[in-house]
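Report on the structure given below.
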Amino acid sequence: MTDASITADNSPAPAPAPAPASAKEEAVDTVRFLALLAIAVLVFRSFFLSPFNIPSESMQPRLLIGDYLLVNKMAYGYSKYSLPFSIPLIPGRIFPRTPERGDVVVFKAPPVADNDYIKRVIGLPGDSVQVQDGIVWLNGKPLQREAMPDFVIPVTPNMVEAARATGTLPCYVPEFEEVGADGQRQCRYKQFRETLPSGKSYAILDITTIAEDNTPLVVVPEGHLFLMGDNRDRSADSRFPAMENQGIGLVPEANLVGHALVGMFSTDGSASWINPISWFTAARWERIGDGF
Numbered sequence: 012m013t014d015a016s017i018t019a020d021n022s023p024a025p026a027p028a029p030a031p032a033s034a035k036e037e038a039v040d041t042v043r044f045l046a047l048l049a050i051a052v053l054v055f056r057s058f059f060l061s062p063f064n065i066p067s068e069s070m071q072p073r074l075l076i077g078d079y080l081l082v083n084k085m086a087y088g089y090s091k092y093s094l095p096f097s098i099p100l101i102p103g104r105i106f107p108r109t110p111e112r113g114d115v116v117v118f119k120a121p122p123v124a125d126n127d128y129i130k131r132v133i134g135l136p137g138d139s140v141q142v143q144d145g146i147v148w149l150n151g152k153p154l155q156r157e158a159m160p161d162f163v164i165p166v167t168p169n170m171v172e173a174a175r176a177t178g179t180l181p182c183y184v185p186e187f188e189e190v191g192a193d194g195q196r197q198c199r200y201k202q203f204r205e206t207l208p209s210g211k212s213y214a215i216l217d218i219t220t221i222a223e224d225n226t227p228l229v230v231v232p233e234g235h236l237f238l239m240g241d242n243r244d245r246s247a248d249s250r251f252p253a254m255e256n257q258g259i260g261l262v263p264e265a266n267l268v269g270h271a272l273v274g275m276f277s278t279d280g281s282a283s284w285i286n287p288i289s290w291f292t293a294a295r296w297e298r299i300g301d302g303f
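Right, dumping it as structure tokens:
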């Protein structure tokens with residue numbers, strides 16, 4: 012027998028193949044993954060960024076019904092209102108910061124703090140605010156206001172739906188509705204540019220005369236804000252006493268949820284689930300990416 016015919020097999024025995032996971036183990040892993048994902052989403056939406064949709068005309072012309080925004084939850088600190096369902100896990104406010112005049116903020120609306128509203132900050136703690144003949148007076152001086160070209164907006168399905176829900180008309184009253192060159196219904200409103208003492212400016216609508224075009228002088232107390240909608244005749248804001256669905260009064264800073272950051276989507280409400288093409292034609296692409 013030659014050396015070549017003598018061999019020694021010292022290699023380790025092959026490891027046994029792992030047993031396949033049972034259906035029960037796979038189900039447990041799936042549930043665990045989904046639970047962790049839900050927690051991650053919850054934490055992200057509670058403390059970083061959260062979506063918000065616009066259901067009314069109160070912030071026209073800047074915001075339209077059907078706009079979807081991302082809200083910066085870090086901007087003004089955190090309170091229980093930062094959490095889903097306002098779960099009282101955060102005592103008071105942590106990392107608080109007062110907004111700047113002109114900021115567009117999302118907050119829990121007084122008096123019951125159940126619903127998210129969006130308005131613009133006009134008065135800070137210590138400011139005096141009064142409206143005279145539709146002009147906002149801040150700390151004894153009127154805010155500069157200049158006429159702009161009319162704001163013209165097509166009457167969209169979501170405007171019609173919102174008007175039906177509130178028992179109003181899409182263009183507020185018939186005199187503001189017209190037929191455009193394309194034969195479609197549209198609203199036409201008077202538009203102005205309002206400028207704060209800091210130099211920050213924004214477009215507002217002031218289309219008719221309402222009782223709240225003249226208000227008493229108010230000094231904003233510590234820890235509160237005077238907020239107004241850019242659509243001055245269709246906004247239940249700090250000019251009105253805090254009553255459910257009628258006004259918000261002076262809003263506690265503790266009610267702040269976040270700062271409007273950027274528009275992430277917008278639709279006119281004409282999309283249909285059974286018509287995929289309408290998902291694209293209903294989108295107002297030009298409004299996506301607009302910042303604040």
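Take 12 as the starting number for the sequence shown in the working numbering and just add one per residue.
No residue lacks a Cβ here, since even glycine has one placed at the ideal position from N, Cα and C.
Quantities reported herein were computed from a predicted structural model and do not represent experimental measurements.
In this structure the segment 136–155 does not touch the segment 170–179; the number of beta carbon pairs closer than 8 Å is below three. When DSSP reads this structure, N64 sits in a beta bridge with Y79.
If one requires a minimum length of 3 residues, the beta strand (DSSP E) runs lying completely within the segment 148–215 are 155–165, 188–190, 196–206, in chain order.
Relative to the Cα of P99, the nearest Cα in the group A124, S209, L75, R73 belongs to A124. Boundaries cannot be given for S281, as no beta strand (DSSP E) includes it and DSSP labels it neither H nor E. Taken in chain order, the complete beta strand (DSSP E) segments of 3 or more residues contained in the segment 102–130 are 115–119.
For the pair S69 and S246, the CB atoms are nearer than the 8 Å cut-off. Listed in chain order, the non-local C-beta contacts of W148 below 6 Å within the same chain comprise Q141, local neighbours out to five positions each way being set aside. Partner residues in the beta bridge of L236, as assigned by DSSP, are V262. The alpha carbon of G210 has as its nearest neighbour, out of V82, T278, P232, R156, the alpha carbon of R156. The closest CA to that of V231, considering only N150, F118, S67, is found on N150. For M254, DSSP records a beta bridge to G258. Per DSSP, S93 lies in no beta strand (DSSP E) and is assigned neither H nor E. Burial check for I218: the Cβ neighbour count within 10 Å reaches 16 or more, so the residue is buried.
Annotation for S249: no alpha helix (DSSP H) segment contains it, and DSSP assigns it neither H nor E. Rounded to whole angstroms, the Cβ separation of F63 and L80 is 5 Å, and the two are in contact under 8 Å. Counting along the chain, the unbroken beta strand (DSSP E) around S139 starts and ends at 139–143.
By the C-beta density criterion, N266 is buried, having at least 16 other C-beta atoms within 10 angstroms.
In this structure, the CA atom of L75 is about 17 Å from the CA atom of E188. The Cβ-Cβ distance between L154 and L228 does not fall below 8 Å.
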